[in-house]
Each structure stands twice: as structure tokens, then as C-alpha cells.
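Residue numbers (this note's numbering), protein chains in the order written: chain A, 133 to 257; chain B, 6 to 213; chain C, 803 to 1085.
Quick reminder that beta carbons are idealized off the backbone N, C-alpha and C, glycines included.
Structure first, commentary second.
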Amino acid sequence: MRVIISNSSSEPIYVQVMNQIRAAIIKGDLDEGELLPSIRGLAKDLQISVITTKRAYDELEKEGFIETVHGKGSYVAIQNRELMKEKKLKIIEEKLMDLVDESRLLGFSYEEIKEMLKILYMEVE
Amino acid sequence: MVKLLKTDIKLILKTNKVFMILFILGPLLLVSFMEEKNWSKIGIIYFVTSMASLVNFEEGDRDTKKITLSLPITRREYVYSKYLMPPILLIINISIVLIGGIIFRGLSINKGLIISLNEIMVAILLSLITISLCMPLYFVLPSKVGLFFSLGSLLVINVILGMIDGIGTLLETSLITRFAGVGAIALGLFIFFISAIISAKIFEVNDI
Amino acid sequence: MLEIKNLSKRFIYSGFEIKDISFSLKPGYIMGFIGPNGSGKSTTIKLIMNLLKKNSGEIKIFGKDHIEYEKEIKDRIGFVYDESHFYESFSIDEMKSLIAPFYSKWDDEVFYRYLEDFDLKANQVIKTLSKGMKMKFALAIALSHDADLIIMDEPTSGLDPIFRREILDVLYNIMQNENKSIFFSTHITSDLDQIADYITYIDKGKLVFSKSVEEIMDTYKLVKGGPDLLNDYKKKELLGFRESRVGFEGLTDNIENVKSVFGRELIIEKPSLEDIMYYTRGR
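Written out as C-alpha cells, the structure reads:
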């Protein structure tokens, strides 16, 4: 697992930790059921307060990404890649709906939108 | 308490070698010169002991006291351990005087010991009283000032007593010799204990 | 583990006083005790260790009154003070043999292991040690009797940054045990910016705050902007500020309000403990 803190970033440290762990879980770098470092061990590795790592873990647990078993540690929760996929699909779907509505309103055809999408995708690459 | 005493002894042995030498050789040598005047023998014992007792103290060093008092000991134990030292020094001192007498005068039935039991008793009494008076001073002003005052008052008392020639003759009277003995020890110890309790009470409410 | 309630102490001669200090530290956490020089940090620690007598208030360590149970409490406390108060003519070993018998859980193995880790030799005379080495020695002593609470009074002042980092590493290792706590007073707040879990800030003998680092970071924000953003009315919205010809910098504990007052061009950053101390002084 790779977690790197940037002190100069304006993002609170616990958010940085959360984002990186979450990303690792989604990408699959962390397997389901895999044991995460203890909050104290992680605090020592990152040279930050255990309160910060605890907050990150607590928030991740609220989001459903990890589970903490008292006395044992924190594990990557199961079933969330499916959930994630669903969530992602939903976000894209909502955005596409907006796109469709706007283009209808402004008078763009499906072919024109398809072309634009192609160009933009390649640009971002 | 005993641990503190051991620590103090280790400390004196390590840091105060000069004192140790003086403490042992002093009475030994002085005894060899003093034969007649009762007073001197007593004086040697109680003078040396009371001065030696003050070596007990960390030169009013507030900082090492900081460490000592941060250890798992109570203020009371600290005070009592300081009070344990003088009796030990007394016993050593008297032993040295006796041994010195034997060395320099030889052991023979006629001559007897260089110092009589009565004289020993009086010496103990005077030592205990002078120490009992001066120790609390140290605890009232626990710093170099306190040490200075206790040392000072000890010297003053010793000098005054030394100047009173009459004491020598007083000791000859039956009053004192009757008084000497167990009475002296008991009185001395009683005052000693009271002094220790007072010092402990003082020290318990002091700031370091 | 450590509970201070309404602690007060007045020095008769100097008139300096500590008034009504309250805070507490749970097991498993490090508390940084910060404040400018002369704010009362050392005094508070001396009061905790019963080197000074309090005028009023309650101090409980391990749940027990710190004077009534003084001996058994101190058996479980490891302390490190700023100056080396050891006998200079003694060697490390000799000094250790004076102190070790007082602790019921003294462990020689642990002590010599720390000496090795700290690169100290048992026969070194204390006089010959540098300030940093003396401090490491004091730390070795404090850590060799299974202490549950470690109290440090300005242990890193006068030490170079490398030493300070090494000591922080040692502290991190200790904190892996969630039953121990460390109480660490310092005016070098950069040491605490990372490791501390809780910060108690004291100034002029009074408590300013005692909070977790997360709470502090949520509450306080450092704001910056160009000189045109600042005017006399807006200055009042900040806890403290510093302005120059090319801009200003300030601290706030109400970022939402400040955001609406100053507008979008405001730059918002995380403050360091030093920033917080600097901008809230004199309040």
C-alpha cells in the first residue's frame, strides 16, 4: 500500500490518507479482506498523529470501504467493488442525462455529440 | 529510606574523598594529642560528627534534588534518610576515638580506655542536640542559603561551647555524671526524633 | 491517565501565577504542552511531580491523587528534564546504579539496549557527554522501568535537529503501546507539529486551549491575500494578522465567516502550531 502525505497541500491530512487508501481499494491494489496497518503503525510510518489516522479509518468505515474488528485491526471490506461500480455508473449516468437534455435543448444531434465526445476523449489521453 | 541512605553513602564515598580522609584521620590524630582535658575528647566526637552530618546534603544544589525528589520516594523518607546519617557517623566517630586511644596509648588495665562511658554519653547528647537544632534550618531554607545558615550556626554553637571553660568543670560535678548515661542518650534521641518530625513537616510543604 | 483540574499556584515573591488550569490525557496518546517562555509550562510540570506545592486544584495520575499515592505513582513515571541534573563526576553506569534501585520494575537489559541504540557507553563519565547525549541518557533511564507515563520538560531545547528527529523516532516507538502516554512540554513546536495527538496551550499562566490535533486543524486556518483584500473592518474578523506591502497573513477560528467577508481570492492554508501561537498571543 502506498500512502504519501503532502504537508504543503491544503487538503487536511486525514483526507489525503483516505483518498489514497480508497483509490488503492478501488483499483484493486488492496484486496478484499486484506489487513490494513494498525492506526498506530500507520501513524508512525507517516510520522503523524494517531488521531489523524484514526479519523481517516473511521471515515472510510462510514463510507463502507473498511471494517474494524476490535482487538484485531482494520480490513478492506468486501463487496465494495460492486458498490463502487454501481456508484460510478450512477454518476456517469446522471452526467449523461444532463448532456442529453442540454444537447436536445440546444439542437445538437446524436451524431454531432458522438463526434465531440470522441475528440474530447482523445484530447484527455 | 534505607535506599536513600545507601545512595547518600555511595555519593559521599565517590565525591567527598577529602571528607572521608579527614573524618577518619582527624579524630584518630587529635585523640593522640589530647589526654587530660575531658572536654576535648567530647568535643572531637560531637564536633566532627555534627560537621560531618552536613556533608550529607547536596550543597544546596536545587537541581539534583529535582531528580531525587522525582524518584518514587516521599518527602518524609527524604528527610528521615538525612537523619539516619548522623547516628551512623557518631558510632564510627566514637569507634575511631576508641581505636585511636588504643593505638596511641596501648591497651592496659591501668590506663583503661581513653574516654569514659560518661564522656561518650555526653558527647552523644551534645551531638544529637546540635544536629537536631541545625537540620531543620536546612529544610526551612532548602538551598545554598539553608546550608550556609545551618553550617554557620553549627560552627557558632561549637565555638561558644568550646569557649566555655566551665563546661569542663561542670562535667566533673556529680550532677552531670548522674545525668549522663542512659538519660543522655534518651534525651538526645528524643530531641533528635522531634527534630526529624519537625523537619519532615517543614519539608512536606516546601517548594523545591 | 493524567487529570488536572483547576490547578492554581501563586509565587509570593515574583507574583507569577498559574490560574485554574484544567486538562486531561488518556492512555495511548502524546500530549504536547506548548506556550511561550515563562508561560508556566515548567511550573505546571513541577506541580505535577510535586516539586512545587499547589495552592488549589486537583492532580490525579493513574486515577489517584498525586500526593496521597506519590510513591506508587512515581514508580510508574519516567521523567526527563531539560538540564542534566545528574552528578557530573559519575559515569553512566554509576549514575544508573544510584537510580535503578528505587524502581520496582527496573530492567537492566532494556537499559543497556537503549544505551546501545543511543550509541552511549556505560563507562562514559557524564561530564564528558554532550547535551544531546545527556538527554538521551536521561531518556534511557526514563524508559528502563516500564513507565506508563513519560513526562518531559523541554527535553529538546538546545539539541540540534538531527538529535530531535532521532528522539521523535524513539517516542513513536513507545507510542505503539496503547497503554502508555507521553506528556511533552516544549517551545519548539515544530517537534510537535507531527507527532502530538493532543495539544495543551498555556500562556501567561492561563490555559488557552487543550484540543486534539484534528480539532485544531479543523478550527484554525491560516489565511493569506493581497493588500487590497484587507481593511480595518476586516482586520477585526481575524484572530491576529501580519501585513506587509505585498500582502497579509492571518489566523482565524471561523473560516466560514472569514471566507464570506474576504471573498474568493483568499488563500486558505493549514497553520503550524507556531502560527497559532504567534497569532493568538496576547489575547
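For residue i, the three-state DSSP class (helix, strand or coil)
| i | result |
| --- | --- |
| R812/C | strand |
| R67/B | Here R67/B scores only 49 on pLDDT, less than 50, and its place in the model is too uncertain to base an answer on. |
| R81/B | helix |
| R294/A | Outside the displayed range of chain A (133 to 257) lies residue 294/A, so it cannot be described from this structure. |
| S1012/C | strand |
| I158/A | helix |
| F195/B | helix |
| M954/C | strand |
| E860/C | strand |
| I5/B | This structure does not reach residue 5/B, given that chain B is present from 6 up to 213, and the question cannot be answered. |
| S893/C | strand |
| K1006/C | coil |
| S179/B | In this prediction, S179/B scores a pLDDT of 49, lower than 50, which makes its location untrustworthy; the coordinate-derived value is nonetheless stated afterwards. Three-state DSSP puts S179/B in a helix. |
| G840/C | coil |
| L1024/C | strand |
| D1055/C | coil |
| S75/B | coil |
| G1042/C | strand |
| L167/A | strand |
Rounded separation between residue i and residue j - CA only
| i | j | result |
| --- | --- | --- |
| A156/A | Q148/A | 12 Å |
| M90/B | T12/B | 11 Å |
| I183/A | A944/C | 25 Å |
| L917/C | L18/B | 26 Å |
| S959/C | S1074/C | 19 Å |
| I901/C | T200/A | 43 Å |
| I14/B | F825/C | 41 Å |
| R236/A | I245/A | 10 Å |
| L4/B | A128/B | The first residue shown for chain B is 6 and the last is 213, placing residue 4/B beyond what the model contains. |
| M1019/C | M248/A | 44 Å |
| L122/B | G106/B | 14 Å |
| Q978/C | F1064/C | 43 Å |
| L133/B | K22/B | 25 Å |
| P144/A | I964/C | 27 Å |
| P903/C | Y914/C | 16 Å |
| V927/C | P838/C | 34 Å |
| I894/C | D877/C | 21 Å |
| I1001/C | Y143/B | 40 Å |
| M1079/C | M229/A | 51 Å |
| I104/B | L33/B | 8 Å |
Status (buried if at least 16 other CB within 10 Å, exposed otherwise) for residue i
| i | result |
| --- | --- |
| S142/A | exposed |
| I73/A | Only positions 133 to 257 of chain A appear in this structure, which leaves residue 73/A out of reach. |
| I180/A | buried |
| G865/C | exposed |
| I78/B | buried |
| T930/C | exposed |
| L853/C | buried |
| L215/A | exposed |
| G157/B | exposed |
| D212/B | exposed |
| H868/C | buried |
| N98/B | buried |
| E234/A | exposed |
| D1034/C | exposed |
| A924/C | exposed |
| P1029/C | exposed |
| L221/A | exposed |
| Y242/A | exposed |
CA nearest to the CA of residue i, picked from the options
| i | options | result |
| --- | --- | --- |
| L131/B | V23/B, G188/B, Y83/B | G188/B |
| V7/B | I97/B, Y85/B, I203/B | Y85/B |
| N808/C | Y815/C, D822/C, S816/C | D822/C |
| L961/C | G934/C, I928/C, A940/C, I953/C | G934/C |
| K217/A | I158/A, E164/A, R172/A, I171/A | I158/A |
| S983/C | F813/C, I820/C, M833/C | M833/C |
| H947/C | L941/C, T845/C, E1016/C, D909/C | D909/C |
| A209/A | K220/A, K222/A, E195/A | E195/A |
Nonlocal neighbours in the same chain, by C-beta distance under 7 Å from residue i, ignoring five residues either side
| i | result |
| --- | --- |
| K818/C | Rather than Lys, the amino acid found at residue 818/C in this sequence is Phe. Closer than 7 Å at the Cβ level, and outside the excluded window around F818/C, lie G1007. |
| R81/B | A205, E209 |
| K1072/C | M1019, L1024 |
| D66/B | Low confidence applies here, because D66/B scores a pLDDT of 48, under 50, leaving its location unreliable; read the following figure in that light. Correct list: empty, nothing qualifies. |
Nonlocal neighbours in the same chain, by C-beta distance under 8 Å from residue i, ignoring five residues either side
| i | result |
| --- | --- |
| L1068/C | V1025, K1026, G1027, L1031, V1060, K1061 |
| E980/C | P829, G830 |
Contacts around residue i, its chain only, beta-carbon distance under 6 Å, and the 5 residues preceding and following it disregarded
| i | result |
| --- | --- |
| M150/A | A188, E191, L192 |
| M954/C | V882, F986 |
| L1040/C | G1052, T1054 |
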